[in-house]
Amino acid sequence: MINDIDRREFLRSGASLLGLGLAAPALAVTEPYPRIGGPRLRLGLAAYSFRNYFKTMRGKPNAKVPADQQIEMTDFIRFCAEHDCGGAELTSYFFDDNVSDAYLAECRKLAHVTGIQISGTAVGNNFSWPKGAPERAEQMAYVKDWIDKASILGAPHIRVFAGTHPKGVGEDEAERNASEALEEAAEYAGQKGVFLGIENHDSIGTADRLLRIVKAVKSPWVGVNLDTGNFK
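The numbering of the sequence shown is the numbering used here, which starts it at 144 and goes up by one.
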């Protein structure tokens, strides 16, 4: 059975950390997190680990999955419970595009009654588009929609991306765009009680760049969702 474990032992194991660096509501992103008591890290499982089995992939039927092996999010939650996982990340890619609020609420109920903590969800956005571009508005609407969905799920955190550089957008401009978009999204997320954790993914290949983007955001609802395997 997976229990709370000592932080040093957890880091030695090399396991991934979900939602590292999320700031407390009273603090700015760049200020330290005021820990109360000892570490409370628990092992969880991301739905993305089962991407080859979900019947839906980014809103479309996953034709690669044999019919007798297909799963949906409620099956994943049950799997986590059966294998004594402490938590689960319900990745957005594996919900139908038109997923109902009722189904999201059912996932929340199932997680609660089976003792699974929903650690968060994750989206595949691109915040590198310049302000005023229709693509930027589309990406913002997409993220805000999932902030609403996370609130229904009871998910306290959403993994977000800075995204890849659009054609004609330089590196410095893309960084500014990402920070500005992240701050706008965070203002909405804070109203729903949802943290946004930016992952070092796509164009973020170094810790320095990740920190520049995050530190430019003036919101206590933004932090880092660290993936140590993505640094170049």
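Beta carbons: idealized from backbone N, C-alpha and C, even for Gly.
For clarity, every value in this text was computed on a predicted model and none was experimentally measured.
- Straight-line spacing of the CA atoms in V357 and D211 works out to 43 angstroms.
- With at least 16 other beta carbons inside 10 angstroms of its own, T199 counts as buried.
- Under the three-state reduction of DSSP, A265 is assigned to strand.
- For the alpha helix (DSSP H) assignment, the uninterrupted runs of no fewer than 4 residues enclosed by the segment 216-303 are, from N- to C-terminal side, 216-225, 244-256 and 277-296.
- In this chain, the beta strand (DSSP E) harbouring A189 covers G187 to A189.
- Linking D351 to P209 through their CA atoms gives a straight-line distance of about 43 angstroms.
- Exposure of K274 is indicated by the presence of fewer than 16 other C-beta atoms within 10 angstroms of its C-beta.
- Per DSSP, G340 lies in no alpha helix (DSSP H); the unbroken beta strand (DSSP E) holding it starts and ends at F338 to E342.
- I356 sits in a helix when the DSSP states are folded into three classes.
- If you draw a 10 Å sphere on the C-beta of Q282, you find 16 or more other C-beta atoms in it, and that means buried.
- Of the residues assessed, N368 falls on the buried side of the cut-off, its CB having 16 or more other CB atoms within 10 angstroms.
- For the set G267, N373, V365 and G181, the Cα lying nearest the Cα of F238 is the one of G267.
- In the assembly as shown, I179 is an exposed residue. Its beta-carbon has fewer than 16 other beta-carbons within 10 Å.
- T234 is positioned such that its CB atom lies no closer than 8 angstroms to that of A206.
- Comparing alpha-carbon positions, the option among D227, R319 and G202 lying closest to R185 turns out to be D227.
- DSSP, read as helix, strand or coil, puts G366 in strand.
- With respect to G336, S362 sits apart: the two C-beta atoms are not nearer than 8 angstroms.
- DSSP places F374 outside both helix and strand once states are collapsed to three, so it counts as coil.
- If you draw a straight line from the Cα of S243 to the Cα of D291, it is about 12 angstroms long.
- Check the Cα spacing between S346 and each of G258, C250 and W272: the tightest is with W272.
- Here the C-alpha atom of R251 lies approximately 29 angstroms from the C-alpha atom of A280.
- Here E342 is near F304, since their CB atoms are less than 8 angstroms apart.
- Under the DSSP assignment, A321 falls in the alpha helix (DSSP H) whose first and last residues are E314 to K335.
- In this structure, the alpha-carbon of L188 lies about 24 angstroms from that of Y176.
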